Every structure is written in structure tokens, then in C-alpha cells.
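*Asks:*
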Amino acid sequence: MELSKAQVLAWLTACQNTFEAQQGFLTELDTAIGDADHGLNMQRGFSKVAEKLPTVAEKDIGMIFKTVGMTLLSSVGGASGPLFGTLFMKMATPAVGKEQLSYGEFVLCLKEGVNGIVARGKAELGDKTMCDVWLPVVAELEKQESFQAGLSAALATAQTSLEGTIPLQAKKGRASYLGERSIGHQDAGATSAMLMIQALHQVVNHG
Ligand SMILES: Nc1ncnc2c1ncn2[C@@H]1O[C@H](COP(=O)(O)OP(=O)(O)OP(=O)(O)O)[C@@H](O)[C@H]1O
Ligand SMILES: [Mg+2]
Numbered sequence: 045m046e047l048s049k050a051q052v053l054a055w056l057t058a059c060q061n062t063f064e065a066q067q068g069f070l071t072e073l074d075t076a077i078g079d080a081d082h083g084l085n086m087q088r089g090f091s092k093v094a095e096k097l098p099t100v101a102e103k104d105i106g107m108i109f110k111t112v113g114m115t116l117l118s119s120v121g122g123a124s125g126p127l128f129g130t131l132f133m134k135m136a137t138p139a140v141g142k143e144q145l146s147y148g149e150f151v152l153c154l155k156e157g158v159n160g161i162v163a164r165g166k167a168e169l170g171d172k173t174m175c176d177v178w179l180p181v182v183a184e185l186e187k188q189e190s191f192q193a194g195l196s197a198a199l200a201t202a203q204t205s206l207e208g209t210i211p212l213q214a215k216k217g218r219a220s221y222l223g224e225r226s227i228g229h230q231d232a233g234a235t236s237a238m239l240m241i242q243a244l245h246q247v248v249n250h251g
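No gaps in the numbering here: position 161 of the sequence shown is 205 in the working numbering, and each next residue is one more.
1) Thinking Lys172 and Thr209 are a contact (beta carbons under 8 Å), I'd like their distance in whole angstroms, please.
2) Which residues bound the alpha helix (DSSP H) around Ala163?
3) The alpha helix (DSSP H) spanning Leu222 covers which residue range?
4) My assumption, with CB atoms under 8 Å, is that Met45 sits in contact with Phe191. Please give the rounded CB distance.
5) Under 5 Å, CB to any heavy atom of ligand 2. Which residues pass, going along the chain?
6) Quick check: is the beta carbon of Ala50 nearer than 9 Å to any beta carbon in chain B?
7) Does the beta-carbon of His245 have 16 or more other beta-carbons within 10 angstroms, so that it is buried, or is it exposed?
8) Do Thr137 and Gly106 have their C-beta atoms closer together than 9 Å?
9) List the whole-angstrom C-beta distance separating Gln230 from Leu206, where the pair is believed to meet the contact cut-off of C-beta under 8 Å.
10) Residues bridged to Ser48 by DSSP?
11) Within the chosen definition, does the region 83–94 reach the region 114–124 through at least 3 CB pairs nearer than 8 Å?
12) Answer with buried or exposed for Ser48, where buried requires no fewer than 16 other C-beta atoms within 10 angstroms of its C-beta.
13) Give me the Cβ distance between Met238 and Ala202, rounded to the nearest whole Å; I'm assuming they're in contact under 8 Å.
14) Going by DSSP in three states, Thr173 sits in which element: helix, strand or coil?
15) When every heavy atom of ligand 1 is checked, does at least one fall within less than 8 Å of the C-beta of Leu152?
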């Protein structure tokens, strides 16, 4: 199976619904070790994305990802706006001119996107950031060969990796200012990364 443009659009709409529903929870997580804005950041970012989607629905997937990236970059402040914005800007390059993505093409898009987050934020595995979900997810996707198996495995990896952020001490972002007091809390941005994989899994396997 390939990922159709309709499924890409359904994924982005599912992200909007998820961030609407999880805004309070994400804010709670970012209250414990941050500045309590992550829920609002993601909700606002993806509601702006949803407003833009009808204007690019006829364009190719590369243009859709680029528009999502630019919308997140311009509408979301803080650390996460530029990072999730970069994710989609970089995902766009391998998707230029495509009306659908093969599994290999999709994995390449996400890998490029996550490489972009790492290049921009300089976080390493274990720094208690969204990269602690994104990096293992890309590694898992690369081991698989189809959307259905790949996203099921990637979602399981995302959930385990997310729980794995709880005992970590933050080394990047505002949470790092807390030093050892950041230990014992789940990272907010890593939670958003897992929710985005969950939304895609839902679209591919049940959508
Ligand atoms: N350098 C980084 N690389 C990757 N992810 C990061 C980095 N810095 C912060 N993050 C992620 O961003 C999330 C916080 O996003 P938020 O929307 O709250 O922006 P923020 O309040 O400006 O961020 P922060 O307080 O972490 O600087 C964190 O939970 C973490 O996952
Ligand atoms: Mg914050």
C-alpha cells in the first residue's frame, strides 16, 4: 500500500483533533518542568494548519508538507514551533511532485525531517526532548517494510520511548534549568511526537 494524499490530509486533520483534545494534558506536562505553553502551542499551530489545508489540497504532498512547516514556523513560538516547523519543511523535500508516497519514500521524508530537528535543536538521545521519541521511531520504521506493520511497530516504540523520558534529566530547553528536578516527569514535546505517530497509525490502520 502507498500513503495517498487523502491520507496525508487526514493525518494532518487527525493531528489537529488530537492536539485539541490533548491540549490540557500537554499543558499539564509542560507545567511540571516547563512554562505551561506546550498544549496551547500545539493546539494553535495545528488549528492554523487546518485552516490552510483547503488552500493546498490540490497541490502535491511536498507542497502540503512545506505549507504545514511554514505555518507552524510562523504561528508557534517557543522551542517547539521552529522544531516541528523544521520537521515538515524537511519532510517536504523528498515529497516534491508526489501525489502518494511509497513506504520507503515516507520513511525517507520522516528521517529527513527528524535530521532537521536534530540539526536545529542539537539534542542527543537521552536529553529528554522530542528526539527521544523521533529517533527511535525512525530507526524502527527503517527496519519495517510496510505502512501497516511499520506504523504498528513505530507506535509501540514511541509509547515505550515516551515512558523512557520520565526518569531522564533534561539537558535541553527550559526543563534543563531544573537540573535533577526534571527527573520523574514525562517530556511534553516527546508526548506530542508520540501523538503524531498515533494519529498516523490511526489513519493508516483504521482510517
Ligand atoms: N533543543 C531541543 N531539541 C529538541 N527538542 C527540544 C529542544 N528544546 C526543547 N525541546 C522540546 O520542546 C518541548 C517544549 O516545547 P514548548 O512548546 O513548551 O516550547 P518552549 O516552552 O519554548 O520550550 P522550552 O521551554 O523547552 O525551551 C520540550 O518538551 C522538548 O521536547
Ligand atoms: Mg513550554
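Ideal placement from N, C-alpha and C gives every residue a C-beta, glycine not left out. Here the structure is a predicted model, which is why all the values come from computation and not from measurement.
*Replies:* Short version:
1) 5 Å
2) 147–165
3) From DSSP, Leu222 is part of no alpha helix (DSSP H); its letter is neither H nor E.
4) 6 Å
5) Asp74, Gly78, Asp79, Asp81, His82
6) Looking at the structure shown, chain B is missing, and only one protein chain is on hand.
7) buried
8) yes
9) 7 Å
10) Gln144
11) yes
12) exposed
13) 4 Å
14) coil
15) no
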